[in-house]
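Everything on this sheet refers to the single structure shown next.
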Amino acid sequence: MLSMQKSSAFVFAPTELDSSHRHQGNSTRSGSFSENPALADCPFIDDSSVSHRASISTDGLSNESLESWDGDGPSASSPVPELEVKIHDVSQSLHSTFPSTTTATFTFNMVTSHESDASMDDVTPKIEELDDADELQSIKPLAVDPMANANSEVTATPVNVPRKRGRPRKHPLPIPGGQLKITKGRSKTGCITCRRRKKKCDETKPSCLNCQKNAVVCEGYPRKEVWKSGKQKLEESARACMVSRSLPFLIDGIEDDTDRRFLDHFVYGFSRVLTLINDDSNPFKEILLPMATQHRGLMHSLMCLSGSHLSGLDPEPKFIARKYHHFHCAIQDLQHNLLIKASSKPSNPGEDPDLLVEDPIIASTIALSLNTICEGETKGEYRMHMDAAKHLLKHQKPRNEKFRQFIVEFFQYHDVSNSVTSLDRRPAHLNGDLRLPDFVPHAQAGMFLGVFDGLFNYISEVTRLRDKIRQRHNEGYEPAVDYQILSEAVSIDSAIRLWETSYPPNTANWSLAQLYRQSTWVYLYRTIRPSQPGDKIGQVVDDGLAYLDQLPQDAGAYSIVLMPLFLLGCSAFLQHQRERIQKGFETLKSYSNLRNIEPAFKVVEKVWEVMDSNIEESWDWEKIINDMEMDFLIT
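Just so it is clear: in the sequence shown, position 558 is 557 by the working numbering, and no numbers are missing.
Have a look at this one:
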């Protein structure tokens, strides 16, 4: 039997005792826990004790003493009541079911004040501590029928279970059946700017409205990362550690899909707009391209040239970025090779100087000068490349004879044409620096018109006469055209009249040759005669435009039409001639798409403007170009 006499007693409120059992002295009252709902719910009583009956002994407690609790207070002679509660087995049948049923005795000490003037509000029941609280905690309450205590009049105060010893929980356990407060974490889907500023983001795409409202730049949203398991990460790291199976590039300079696009455009499109020949015998395909496969710097130069032309047709960002890559690589390779050749210059006079520079290096300088034409550069960017080519050709004889023929013709064509539009650029062969090779072939073997057949010599002579006239005019000599200049001009006029082309009549190249002949005579006329309209100049310009109209729209002759078209434009005094000149520039632009055509037409329009305002100053279009701060190749 478990004794509970030392346990703290349950204290009943005085008002909750039955008034029928109140008395002045000590009295005894018997009751059961089943009649008291408060005690029936006590956690120290096992649920199986519902069928138990207990007796409560209240010796020495009278009705009057209990009645005095409802009044002003107890009398001074009221003794301290002591209430003893005994719980014992009342049914033998329970012993058979619960053999371990015990009898427990609870003692309640009712403490009252002996002072007569004390109020009942000062009465505080004393609760004795439970010595065996741990043992009582182990007793599980039995389920009690709530209807069993429905008629009970005696109630008791709820019993507080002593708190367990030790530190309290920082985060208490949730109350069963209660609503839990769900703590919302911070959103991780906001934009980068709002997350850095610790502001709420409305997550509007592509940029949030909160950033726009606060006048800050929205940096967008972080990239979503796909979750990967540890196995997947190990597999990726293992693949990264595998030996690379990539193959080297077959040709240096052709390294990706964009480069292959540049190569195809160079072979099948761009090469045909550079010379008269647009078939397989084109020197850019037959000579330069095979040479570039053995020289990385030349391949970069050709791919830069092709990329510049293609980006003019299709300004896609990857084309523009890749052409600049090839340009920088070509410049670096050219500088590197020139430094190596300069450091290996033979110290002995008997050594062969031809071993100094290779043919691809000369070809790279020519390709880079053509790149300025494709880009439409007008600030003299071509000069350094043309000067380098001139220096190399002057001191270096190309080894490949076929390449030598092409490169000398190419240089002289651009060198002479350049003198038509500049004040300080004069053909090299006039000073004896660079002469035509000894193997002057048949005129039809040339890649350009006017070089091997001698027509460009007459253009160079006219340029020299213009320099003399300009000098005399600046020095104030009158007339500016003296008898010596006039005599030389008549000789050039006779030579132009006798000049015949070797191309058969009624062909595109024959019409192109006639156009060159007309423009050369116009260049001579505009040099010797005053700048004013006349029947002679009007007739020659009309005839030149008629030869231009005879050229087919897809003729290779359009590749070298810009220079004669420019000379005719600077001599077009009549309105109908200007309209046909403008149409010719548009046709040339649609054919070649070279971007130096547009600045050339701007110069022609400026010359027309000067003709209409101050006709005498329109004679010196080289000065007009210089005043416009433009310097470009008109080829």
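For each residue, glycine too, the CB sits at the ideal point set by N, CA and C.
(message) In the DSSP output, which residue or residues are listed as bridge partners for D619?
(response) Indexing the sequence shown from 1 puts residue 619 at position 620. According to DSSP, which records beta bridges pairwise, D619 is partnered with nothing at all.
(message) Just to confirm the assignment, what range does the alpha helix (DSSP H) spanning V603 have?
(response) The residue labelled residue 603 in the question sits at position 604 within the sequence shown. That run of the alpha helix (DSSP H) goes I596 to S612.
(request) Using only alpha-carbon positions, find the residue among S236, R195, Q552 and Q231 that is nearest to V216. (result) In the sequence shown, counting from the first residue as 1, residue 216 sits at position 217. Selected option, being the one with the closest Cα: R195.
(message) How far does the alpha helix (DSSP H) with Q309 in it extend, from its first residue to its last?
(response) Residue 309 sits at position 310 when you count from the first residue of the sequence shown. According to the sequence displayed, residue 309 carries Leu and not Gln. Where L309 is concerned, the enclosing alpha helix (DSSP H) stretches over R295 to L312.
(message) Run through the DSSP bridge pairs and tell me what K670 is partnered with.
(response) In this structure the chain extends from 0 to 634, so residue 670 is not present and cannot be described.
(request) Pull up the distance between the alpha-carbon of E621 and that of K601, whole angstroms please. (result) One-based indexing of the sequence shown puts residue 621 at position 622. One-based indexing of the sequence shown puts residue 601 at position 602. Their backbone Cα atoms lie some 13 Å apart in a straight line.
(request) Can you give me the start and stop residues for the alpha helix (DSSP H) that K582 sits inside? (result) For the purposes of this step, residue 582 is taken as residue 583 along the sequence shown, with counting starting at 1. Per DSSP, K582 belongs to the alpha helix (DSSP H) from Q574 to S591.
(request) Could you work out which residue in Q211, R260 and L288 is closest to E315 when comparing CA atoms only? (result) As a position in the sequence shown, residue 315 is number 316, starting the count at 1. The residue with the shortest Cα to Cα distance from E315 is R260.
(request) Determine the contact status of L457 and I495, defining contact as a CB-CB distance below 9 Å. (result) Along the sequence shown, read from residue 1 onward, the residue named residue 457 stands at position 458. Along the sequence shown, read from residue 1 onward, the residue named residue 495 stands at position 496. Note on residue identity: the sequence assigns Tyr, not Leu, to residue 457. Closer than 9 Å, so yes.
(request) Return helix, strand or coil for G537, following the three-state DSSP convention. (result) To locate residue 537, count along the sequence shown from 1; it is residue 538. Helix.
(message) Using C-beta distances below 6 Å, list every residue in its chain close to T420, excluding the 5 sequence neighbours before and after it, in chain order.
(response) Counted from its first residue, the sequence shown places residue 420 at position 421. For T420, where only same-chain residues beyond five positions count, the Cβ hits under 6 Å are I624 and I633.
(request) Pull up the distance between the alpha-carbon of P440 and that of E408, whole angstroms please. (result) Residue numbering aside, residue 440 sits at position 441 when the sequence shown is read from its first letter. Residue numbering aside, residue 408 sits at position 409 when the sequence shown is read from its first letter. Low per-residue confidence applies at P440: pLDDT is 49, beneath 50, and the placement is therefore not dependable, though the value from the model is reported in the following sentence. Rounded to the nearest angstrom, the two C-alpha atoms are 11 Å apart.
(message) My assumption, with CB atoms under 8 Å, is that L448 sits in contact with L511. Please give the rounded CB distance.
(response) Within the sequence shown, residue 448 is the residue found at index 449, counting from 1. Within the sequence shown, residue 511 is the residue found at index 512, counting from 1. With a Cβ gap of about 6 Å, L448 and L511 count as contacting.
(message) Considering only the alpha carbon of each residue, which of Q231, S228, P205 and Y502 lies closest to R222?
(response) Walking along the sequence shown from the start, residue 222 turns up at place 223. That would be P205, whose Cα lies nearest to the Cα of R222.
(message) Rounded to the nearest angstrom, what separates N592 and Y546 at their Cα positions?
(response) For the purposes of this step, residue 592 is taken as the residue at position 593 of the sequence shown. For the purposes of this step, residue 546 is taken as the residue at position 547 of the sequence shown. Near 22 Å, if we compare the C-alpha coordinates of Y546 and N592.
(request) Keeping to the same chain, check which residues put their C-beta closer than 6 Å to that of A387; ignore five residues upstream and five downstream. (result) For the purposes of this step, residue 387 is taken as the residue at position 388 of the sequence shown. Contacts found: T364.
(request) For F248, count neighbouring Cβ atoms within 10 angstroms of its own Cβ and tell me buried if that reaches 16, exposed if not. (result) Within the sequence shown, the letter at position 249 stands for residue 248. With fewer than 16 other Cβ atoms within 10 Å, it is exposed.
(request) Go ahead and pull the three-state DSSP assignment for V489. (result) In the sequence shown, counting from the first residue as 1, residue 489 sits at position 490. Reduced to three states, the DSSP call for V489 is helix.
(message) Would you call the stretch 288-303 in contact with the stretch 227-236, where contact means no fewer than 3 C-beta pairs closer than 8 Å?
(response) no
(message) Using only CA atoms, which one of K393, L573 and D619 lies nearest to T462?
(response) Here the question's residue 462 lines up with position 463 in the sequence shown. Comparing Cα-Cα distances from T462 to each of K393, L573 and D619, the minimum goes to D619.
(request) Grab the span of the alpha helix (DSSP H) containing N417 for me, first residue to last. (result) Reading the sequence shown from its first residue, position 418 is the one you call residue 417. Note, N417: alpha helix (DSSP H), E400 to S418.
(request) Could you check which residue in R465, E357 and R382 has the C-alpha nearest to that of L367? (result) Reading the sequence shown from its first residue, position 368 is the one you call residue 367. Among R465, E357 and R382, the Cα nearest to that of L367 is on R382.
(request) From the DSSP output, in three-state form, read off A512 for me. (result) The residue given as residue 512 occupies position 513 in the sequence shown. Looking at A512 - three-state DSSP - the assignment turns out to be helix.
(request) Can you give me the start and stop residues for the alpha helix (DSSP H) that M446 sits inside? (result) Sequence index remark: in the sequence shown, residue 446 carries index 447 (1-based). Taken as a continuous stretch (DSSP letters only), M446 belongs to no alpha helix (DSSP H), as it is neither H nor E.
(message) Beta-carbon within less than 7 Å of T188's beta-carbon, same chain only, minus the 5 sequence neighbours each way: which residues are those?
(response) Start at 1 with the first residue of the sequence shown, and residue 188 comes out as number 189. Taken in chain order, the residues that qualify are E202.
(request) Please list the segments of the alpha helix (DSSP H) lying wholly inside the stretch 209-255, counting only runs of 4 or more residues, in order along the chain. (result) 229-239
(message) Let's test the definition: count the other Cβ atoms within 10 Å of the Cβ of H575 and tell me whether it reaches 16, buried, or not, exposed.
(response) Numbered from its first residue, the sequence shown carries residue 575 at position 576. Its Cβ having fewer than 16 others within 10 Å, H575 is exposed.
(request) Would you give the residue range spanned by the alpha helix (DSSP H) that F565 belongs to? (result) Position 566 of the sequence shown, counting from 1, holds the residue named residue 565. Element bounds for F565: L561 to G568.
(message) Out of L523, M446 and H390, which one is the CA nearest neighbour of Y641?
(response) A query on residue 641 cannot be resolved here, the shown segment of the chain reaching from 0 to 634 and no further.
(request) Assess, as a yes-or-no matter, whether the stretch 315-332 is touched by the stretch 262-278 under the definition of 3 or more beta carbon pairs within less than 8 Å. (result) no
(request) Could you tell me whether the Cβ atoms of R398 and D423 are closer together than 9 Å? (result) For the purposes of this step, residue 398 is identified with residue 399 of the sequence shown, where counting begins at 1. For the purposes of this step, residue 423 is identified with residue 424 of the sequence shown, where counting begins at 1. Cβ atoms of R398 and D423: not closer than 9 Å.
(message) Going by DSSP, what residue range makes up the alpha helix (DSSP H) through T462?
(response) Taking the first residue of the sequence shown as 1, we reach residue 462 at position 463. Taken as a continuous stretch (DSSP letters only), the alpha helix (DSSP H) holding T462 covers L454 to E474.
(request) Out of Y557, S486, T500 and G568, state which residue places its alpha-carbon closest to the alpha-carbon of Y522. (result) Taking the first residue of the sequence shown as position 1, residue 522 is located at position 523. Nearest option by C-alpha distance: G568.
(message) At the 9 Å Cβ level, is M290 part of the contact set with chain B, yes or no?
(response) Protein chains in the displayed structure number just one, and chain B is not present.
(request) List the whole-angstrom C-beta distance separating F455 from V489, where the pair is believed to meet the contact cut-off of C-beta under 8 Å. (result) Here residue 455 is taken as the residue at index 456 of the sequence shown, counted from 1. Here residue 489 is taken as the residue at index 490 of the sequence shown, counted from 1. So it is not a contact: roughly 20 Å between Cβ atoms.
(message) Between which residues of its own chain and R425 is the CB-CB distance below 6 Å, once the five residues before and five after are set aside?
(response) Here the question's residue 425 lines up with position 426 in the sequence shown. S418.
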